[in-house]
Amino acid sequence: MCGARPDFMKAAPLYRAMRATDTLDPVLIHTGRHFDSAISEDFIAALELPEPDVHLGIGQGSQAWQLAEIIKGMEKALLEVRPWLTVVVGDVSSTLAAALASATLDIPVAHVEAGLRSRDETMPEERNRMLVDRLATYLFTPSADADENLSAEGIPASRVFNVGNVMIDSLDWVLPRLSAAATRARFGVAAGRYGLVTLHRPANVDHPGALRRLIGALAEVADDLPLLFPMHPRARRRIHELGVDLDDTGIKALPPVGYTDFVALLAGASLVLTDSGGIQEEATVLRVPCLTLRDNTERPVTILYGGNELVGRDPERIVTAARRRLRAPSMETGRPPGWDGRAAQRIVDVLAAAAPGTTVETAPTRGGGTHDASDRPPPARMLR
Ligand code: UDP
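Taking the working numbering, the leading residue of the sequence shown gets 805, the next gets one more, and so forth.
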């Protein structure tokens, strides 16, 4: 199931790994969020995914409306396809709606990227993450902090599989396919001489005062380092409403760029300023200093292993941190355990062993069974 931009990067390696088995026959469902908008650059083609088997064609609307529409569409699709399992990725509305529709039909759910927590329940994504993890039978986590979060919430360890990060599978897949220098030339920048910005979280773009201050801070950073800003449609709309003209600054506004272009630009940037989840992870692996314009992250491993730093929304703090990072760009970073390009294969190994017709001794159970949420779960398994 895919809906929003980052879902494709998460689904593509899973789809490929499933297709390579004799036991798993994937059916790709596109919920349609973003499909008709400016953001639907051809991620499907860039990641060499086939056209989705099912398009629900759900458009833009309030979160409640989207959830309701996707649940209805998913129910119909699931009744037609009759899968033994639904795999959902990430933390968007489609993820929650697909998990709910599956649960009501007693179809088990596997959640890829389970266990991440920002502990900020005002974020729609945090609520989606928590609810989907409650509904899931298989919880595939990217990092040890996620295992700990699930354990603290009483989710039995028998359902939790620490497999690494599928987003990095896609990153490793796309890196050898890039023409990074040609891409940078096309965007008029040279490696190490520019920064990259992305903003789309409601807390940053939906409050005119906060957005105005953020743009002011970015403009100040851009006095020292030209910034490329591929704009999410939501950010573009809000900035337009503010009446701010970025042409007066060192910030170059762009439409959202395709995945291969974005990775090429990120790899050559000397700094990234973002509120995205996935970009914090990609910056970690690409060793690009990252300033996260939020007060929290559901991906603390990017601070522990990478060059990510939470700088919040205060302009002075953002500008000071940017100048400091530009003065001393070198950083000791490494890939977190399991961020090795093979996460999807580990997930598929678990699912192939559990597929109907296969006998497994340790298939997770929900409800009855031998595992009870009140049991103290053993530590999650790190699969290699
Ligand atoms: N991305 C992209 N083009 C852009 C901005 C981001 O291809 O203009 C990619 C980026 O490389 C990452 C993903 O989109 O793989 C992150 O998506 P987003 O920030 O929308 O979602 P989040 O990760 O915050 O859920």
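Built from N, CA and C at the ideal position, the CB exists for glycine as well.
Please classify residue i as buried or exposed, where buried requires at least 16 other C-beta atoms within 10 Å of its C-beta.
i, result
"Gly-1145", "buried"
"Ala-903", "buried"
"Asp-1079", "buried"
"Gly-863", "exposed"
"Leu-882", "buried"
"Lys-880", "exposed"
"Gly-960", "Position check: residue 960 holds Pro in this sequence, whereas Gly was assumed. When all chains shown are included, Pro-960 counts as buried."
"Glu-925", "exposed"
"Ala-1071", "buried"
"Gly-1081", "buried"
"Ala-985", "exposed"
"Leu-939", "buried"
"Lys-814", "buried"
"Gly-1013", "exposed"
"Glu-884", "exposed"
"Gly-1138", "exposed"
"Arg-855", "Going by the sequence as given, residue 855 is Glu instead of Arg. So Glu-855 ends up on the exposed side."
"Ala-824", "exposed"
"Asp-840", "Low per-residue confidence applies at Asp-840: pLDDT is 46, beneath 50, and the placement is therefore not dependable enough to give any value."
"Asp-857", "exposed"
"Pro-980", "exposed"
"Glu-852", "exposed"
"Asp-1051", "exposed"
"Pro-1093", "buried"
"Phe-812", "buried"
"Ala-1184", "The pLDDT assigned to Ala-1184 is 47, lower than 50, so where the model puts this residue is not dependable, and the model offers no usable value."
"Ala-868", "exposed"
"Pro-1160", "exposed"
"Asp-937", "buried"
Looking at residue j and residue i, is the spacing between their C-beta atoms short of 8 Å?
i, j, result
"Gly-1116", "Thr-1088", "no"
"Ile-833", "Met-805", "yes"
"Leu-954", "Thr-945", "yes"
"Thr-1064", "Leu-982", "yes"
"Ala-1132", "Glu-1113", "no"
"Gly-958", "Gly-1142", "no"
"Pro-1191", "Met-822", "Only positions 805 to 1188 of the chain appear in this structure, which leaves residue 1191 out of reach."
"Ala-950", "Gly-919", "yes"
"His-1036", "Pro-1006", "no"
"Pro-1119", "Arg-1017", "yes"
"Ala-1026", "Leu-1003", "no"
"Glu-1045", "Val-1123", "no"
"Leu-860", "Gly-836", "yes"
"Gly-1062", "Ala-808", "no"
"Val-913", "Thr-941", "yes"
"Ile-875", "Ala-907", "no"
"Arg-963", "Asp-1010", "no"
"Glu-757", "Arg-921", "The question about residue 757 has no answer here: the residues shown for the chain are numbered 805 through 1188."
"Leu-900", "Leu-871", "yes"
"Val-978", "Val-1067", "yes"
"Val-1001", "Leu-1022", "yes"
"Ala-948", "Asn-966", "yes"
"Val-1152", "Leu-828", "yes"
"Asn-1008", "Leu-1097", "yes"
"Val-1048", "Ile-1019", "yes"
"Leu-889", "Leu-1108", "no"
Check for me: the alpha helix (DSSP H) holding residue i runs from which residue to which?
i, result
"Ile-1055", "That residue, Ile-1055, is in no alpha helix (DSSP H); its beta strand (DSSP E) goes 1055-1058."
"Leu-883", "867-885"
"Thr-1088", "1081-1090"
"Pro-810", "809-823"
"Tyr-1063", "1063-1072"
"Leu-1077", "Note, Leu-1077: premise wrong, no alpha helix (DSSP H); beta strand (DSSP E) at 1075-1078."
"Thr-899", "897-908"
"Thr-1124", "1119-1131"
"Thr-987", "984-990"
"Val-970", "970-978"
Hey, quick one: how far does the beta strand (DSSP E) through residue i stretch, first residue to last?
i, result
"Asn-1100", "Run containing Asn-1100: none; DSSP gives neither H nor E here."
"Ala-914", "913-916"
"Gly-999", "999-1002"
"Pro-1034", "1031-1034"
"Glu-1113", "1112-1114"
"Asn-966", "964-966"
"Val-891", "890-893"
- Message: Contact between the region 1090-1105 and the region 988-996 is defined here as three or more beta-carbon pairs at a separation below 8 Å; is this criterion met?
- Response: no
- At least three beta-carbon pairs within less than 8 Å, the region 1070-1079 to the region 1022-1033: yes
- Query: On the three-pair Cβ rule with 8 Å, is the region 856-873 touching the region 973-989?
  - Reply: no
- Quick one: any contact between the region 963-977 and the region 813-822, if contact means 3 or more CB pairs under 8 Å? yes
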